[in-house]
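Top to bottom, those sequences are chains A and B.
Be aware that the first sequence starts at 1, since it is given in full-length UniProt numbering, and climbs by one per residue.
Be aware that the second sequence starts at 1, since it is given in full-length UniProt numbering, and climbs by one per residue.
Protein chains: 2
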Amino acid sequence: MPARDTDPPTPRKRADAERNKQALLEAAAAAFVDSGVNAPVRDIAVRAGVGVGTIYRHFPARADLIVAVYRHQVQSCAQAAPALLANSPTPHDALTAWIDLFVDFLVTKHGLAEAMHSDAAAFEPLHAYFLDHLLPAVTLLLDAAVDAGQVDPIDPLTLLQGVGNLCIGASADSRYNPRRLAAILIRGLRTTPV
Amino acid sequence: MPARDTDPPTPRKRADAERNKQALLEAAAAAFVDSGVNAPVRDIAVRAGVGVGTIYRHFPARADLIVAVYRHQVQSCAQAAPALLANSPTPHDALTAWIDLFVDFLVTKHGLAEAMHSDAAAFEPLHAYFLDHLLPAVTLLLDAAVDAGQVDPIDPLTLLQGVGNLCIGASADSRYNPRRLAAILIRGLRTTPV
DNA sequence: AAACGATACGGAACATCGTTCCGTTTGCCA
DNA sequence: TGGCAAACGGAACGATGTTCCGTATCGTTT
């Protein structure tokens, strides 16, 4: 808990502004569930009972809104890594379990995995936020597994993006099984027993 | 060469129509190289020196244009499968080699892998075309590898889509290495030697 | 060769996005 | 209560895919 009462070098926001921001977060979360993270801005505005201008004041880029909605889930995914490492039989098991967590998170957020790959500048903050939080997590697990001689070295970023990519289109096609694929990928990482 | 002189249950197209269709194919191919398969329709029209209406007459859905441009490459990729199977030391090697071919094809066509996952109805023909031609190829290789006891069974569609997914965003980020990931995935398919 | 009907053309027009802008409203403090 | 900075709403803009229809062109028929 940061700073109990004295905090405001920032002049303190107006009450209606704060109210609208919360309404927007809830509206966006609902819209994302119904229509995916690419839900039209106007829809979100209507759900929240505000004008579109208000969205852009609170969340200058579309990605900022997405980040705000999923912030907590990304954080808890990242924070799970050390615990998994401590409680799993082997580092490779921990890595597998964490990837499961990550995949579960992504496949339930329609369009999130896709959005991660938009080259549009508006999505750069999203990209950055995910990388900032999740890259350390994979790196931790990967390093441990490599040190244990269980997996061959690989660029953590490539692995993270690869798994993210595998989750694309998961909700659109029921025959497609990203969890299985991610598990196979991690399996393929193992060092060949000589 | 099909039917030398009698062929036309189709009344034979006008010369200008045929000319425009070819111009469009070349213009689209060029635009795809420069801007990816999502190059704006208007750009393609300008390059070809035609109006946008002409595009939609020849290629009712955007996907039809993409299919037309890449038809030959998809076919040769598919046709390579039997030869690889015959000339490789093991079915698993053939599968690996074919996946390499497939990945190389996809990563050099900016945006193609992404387009494969558009849920838009306009892209359904593209999806269908790829599946029609490439699914038999993977299935052949996969079955052979499974029969040889080299790999665990997996839904060929899932594998194909998974590898396709791994190729997304390859050209946008030089640190990302889809070839490596695809190889690891195929590696992960191998049966565990007891 | 001229005329005519079918075919194909071009690009304006429409719908849907994200995003910006600015006149108007509203909360807050003096 | 008055005033002003903060925040608001939604019209307007630009980009995009797609449709539509009046016009031009081709190929054939007279």
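We treat Cβ as the ideally placed atom computed from N, Cα and C, and that holds for glycine.
In the structure shown, what three-state DSSP assignment does R71 (chain B) receive? If you number the second sequence from 1, residue 71 (chain B) lands on position 71. Helix, per DSSP.
Count the other C-beta atoms from every protein chain shown that fall within 10 angstroms of the C-beta of V138 (chain B), then say buried if there are 16 or more, exposed otherwise. Start at 1 with the first residue of the second sequence, and residue 138 (chain B) comes out as number 138. Under this definition V138 (chain B) is a buried residue.
Considering Y129 (chain B), what are the terminal residues of the alpha helix (DSSP H) in which it resides? On the second sequence, position 129 is the one that residue 129 (chain B) refers to. Where Y129 (chain B) is concerned, the enclosing alpha helix (DSSP H) starts and stops at 124-147.
Min CB distance D119 (chain B) to chain A below 8 Å: The residue you call residue 119 (chain B) lines up with position 119 of the second sequence. Answer yes: the Cβ-Cβ gap between D119 (chain B) and chain A drops below 8 Å somewhere.
Can P178 (chain A) and L189 (chain A) be called in contact, C-beta distance under 8 Å? Here residue 178 (chain A) is taken as the residue at index 178 of the first sequence, counted from 1. Here residue 189 (chain A) is taken as the residue at index 189 of the first sequence, counted from 1. No, the pair does not count as a contact, with Cβ atoms beyond the cut-off.
Just how far apart, CA to CA, sit L135 (chain A) and Q150 (chain A)? Position 135 of the first sequence, counted from the start, is the residue given in the question as residue 135 (chain A). Position 150 of the first sequence, counted from the start, is the residue given in the question as residue 150 (chain A). Cα to Cα, the separation comes out at about 20 Å.
Residues that I66 (chain B) contacts on chain A, provided the C-beta gap is smaller than 8 Å: Position 66 of the second sequence, counted from the first residue, corresponds to residue 66 (chain B). For I66 (chain B), there are no C-beta contacts with chain A under 8 Å, since the nearest C-beta of that chain is about 17 Å from it.
Mind checking K21 (chain B): buried by the 16 CB within 10 Å criterion, or exposed? Your numbering for residue 21 (chain B) matches position 21 in the second sequence. Buried, since its Cβ has 16 or more Cβ neighbours within 10 Å.
Integer Cβ distance of residue 239 (chain B) from T191 (chain A), believed to fall under 8 Å: Nothing about residue 239 (chain B) can be read from this structure; chain B reaches only from 1 to 194.
C-beta neighbour in chain A for Y129 (chain B), strict 8 Å: Translated into positions along the second sequence, residue 129 (chain B) becomes position 129. For Y129 (chain B), the answer is no, since every Cβ of chain A falls outside 8 Å of its Cβ.
One or two residues paired with V151 (chain A) in a DSSP bridge: Here residue 151 (chain A) refers to the residue found at position 151 when the first sequence is read from its first residue. Partner(s): A:R190.
Cβ-based contacts, 7 Å cut-off: residues of the stretch 158-172 of chain B near chain A: Using a CB distance below 7 Å, the part of the stretch 158-172 of chain B facing chain A consists of T158, Q161, G162, N165, L166, I168, G169, A172, ordered along the chain.
CB of A28 (chain A) within 8 Å of CB of V67 (chain A), strictly: Taking the first sequence and counting its residues from 1, the one referred to as residue 28 (chain A) is at position 28. Taking the first sequence and counting its residues from 1, the one referred to as residue 67 (chain A) is at position 67. Going by beta carbons, A28 (chain A) and V67 (chain A) fall outside the 8 Å limit.
Cα-Cα separation between A148 (chain B) and G36 (chain A), rounded to whole angstroms: Indexing the second sequence from 1 puts residue 148 (chain B) at position 148. Indexing the first sequence from 1 puts residue 36 (chain A) at position 36. Rounded to the nearest angstrom, the two C-alpha atoms are 42 Å apart.
One question on the structure: do H133 (chain A) and A81 (chain A) come within less than 8 Å of each other, judged by their Cβ atoms? The residue you call residue 133 (chain A) lines up with position 133 of the first sequence. The residue you call residue 81 (chain A) lines up with position 81 of the first sequence. No; because the gap between Cβ atoms is not below 8 Å, this pair is not in contact.
Measuring CB to CB, does P60 (chain B) end up less than 8 Å from A144 (chain B)? Numbered from 1 along the second sequence, position 60 holds the residue referred to as residue 60 (chain B). Numbered from 1 along the second sequence, position 144 holds the residue referred to as residue 144 (chain B). By the CB criterion at 8 Å, P60 (chain B) and A144 (chain B) fall outside the cutoff.
Is the beta carbon of W98 (chain B) less than 8 Å from the beta carbon of L141 (chain B)? Numbered from its first residue, the second sequence carries residue 98 (chain B) at position 98. Numbered from its first residue, the second sequence carries residue 141 (chain B) at position 141. W98 (chain B) places its beta carbon less than 8 Å from that of L141 (chain B).
Check the Cβ of T184 (chain B) against every Cβ in chain A and list those closer than 7 Å, keeping chain order. Translated into positions along the second sequence, residue 184 (chain B) becomes position 184. Looking at the sequence provided, one finds Ile at residue 184 (chain B) rather than Thr. Neighbours of I184 (chain B) on chain A, chain order: L185, G188, L189.
Run down chain B in chain order and give the residues with a C-beta less than 8 Å from the C-beta of N177 (chain A). Working through the first sequence from its first residue, we reach residue 177 (chain A) at position 177. Residues of chain B whose Cβ lies closer than 8 Å to the Cβ of N177 (chain A) are, in chain order, D155, T158.
Rounded to whole angstroms, what's the CA-CA distance from F102 (chain A) to E26 (chain B)? Just pull it up for me. Reading the first sequence from its first residue, position 102 is the one you call residue 102 (chain A). Reading the second sequence from its first residue, position 26 is the one you call residue 26 (chain B). Taking the straight line joining both Cα atoms gives about 42 Å.
Round the Cβ separation of A63 (chain B) and L126 (chain B) to the nearest angstrom and send it over; I've been treating them as touching at under 8 Å. Residue 63 (chain B) sits at position 63 when you count from the first residue of the second sequence. Residue 126 (chain B) sits at position 126 when you count from the first residue of the second sequence. Right, their Cβ atoms sit about 4 Å apart.
Within its chain, find whatever has a CB closer than 8 Å to the CB of Y176 (chain B); leave out the 5 residues flanking it on each side and keep chain order. Here the question's residue 176 (chain B) lines up with position 176 in the second sequence. Contacts found: G169, A170.
With 16 other CB atoms within 10 Å as the buried threshold, where does E114 (chain A) fall? For the purposes of this step, residue 114 (chain A) is identified with residue 114 of the first sequence, where counting begins at 1. Burial call: buried.
Kindly indicate which residue of B:S76, B:A23, B:E124 has the alpha-carbon position closest to the one of A45 (chain B). Stepping through the second sequence from its first residue, residue 45 (chain B) is reached at position 45. Among B:S76, B:A23, B:E124, the Cα nearest to that of A45 (chain B) belongs to B:A23.
E18 (chain A) to P40 (chain A) span [Cα, whole Å]: For this step, residue 18 (chain A) is matched to residue 18 along the first sequence. For this step, residue 40 (chain A) is matched to residue 40 along the first sequence. Taking C-alpha positions only, E18 (chain A) is separated from P40 (chain A) by approximately 22 Å.
Thinking C-beta only, is A94 (chain A) closer than 8 Å to L106 (chain A)? Numbered from its first residue, the first sequence carries residue 106 (chain A) at position 106. Numbered from its first residue, the first sequence carries residue 94 (chain A) at position 94. A94 (chain A) is positioned such that its CB atom lies no closer than 8 Å to that of L106 (chain A).
Measuring alpha carbon to alpha carbon, tell me which of B:R14, B:H58, B:G49, B:T108 ends up nearest Q73 (chain B). Counting from one through the second sequence, the residue named residue 73 (chain B) turns up at place 73. Q73 (chain B) has its Cα closest to that of B:T108, out of B:R14, B:H58, B:G49, B:T108.
Residue from B:D104, B:I186, B:I154, B:Q161 with nearest C-alpha to S76 (chain B): As a first step, residue 76 (chain B) must be located in the second sequence, where it is residue number 76. Nearest of B:D104, B:I186, B:I154, B:Q161 to S76 (chain B), Cα basis: B:D104.
Could you check if G162 (chain A) is buried or exposed, using at least 16 other CB atoms within 10 Å of its CB as the buried criterion? One-based indexing of the first sequence puts residue 162 (chain A) at position 162. Around the beta-carbon of G162 (chain A), 16 or more other beta-carbon atoms lie within 10 Å, marking it buried.
When we look at the beta-carbon of R187 (chain B) and count the other beta-carbons within 10 Å, is it buried (16 or more) or exposed? Position 187 of the second sequence holds residue 187 (chain B). Under this definition R187 (chain B) is a buried residue.
Buried versus exposed call for N87 (chain B) [16 or more other C-beta atoms within 10 Å across all chains shown]: Here the question's residue 87 (chain B) lines up with position 87 in the second sequence. Exposed, by the Cβ-count rule.
Taking just the CA atoms, how far does G111 (chain B) sit from L160 (chain A)? Sequence index remark: in the first sequence, residue 160 (chain A) carries index 160 (1-based). Sequence index remark: in the second sequence, residue 111 (chain B) carries index 111 (1-based). L160 (chain A) and G111 (chain B) have their C-alpha atoms roughly 20 Å apart.
The alpha helix (DSSP H) that contains K21 (chain B), what's its start and end? For the purposes of this step, residue 21 (chain B) is taken as the residue at position 21 of the second sequence. Note, K21 (chain B): alpha helix (DSSP H), 15-35.
Whole-angstrom distance between R12 (chain A) and S118 (chain A), CA atom to CA atom: The count along the first sequence starts at 1 and reaches residue 118 (chain A) at position 118. The count along the first sequence starts at 1 and reaches residue 12 (chain A) at position 12. When rounded, the distance between both Cα atoms is 34 Å.
Considering just the uninterrupted stretch of the alpha helix (DSSP H) at T90 (chain A), what are its terminal residues? Looking up residue 90 (chain A) in the first sequence gives position 90. Run containing T90 (chain A): none; DSSP gives neither H nor E here.
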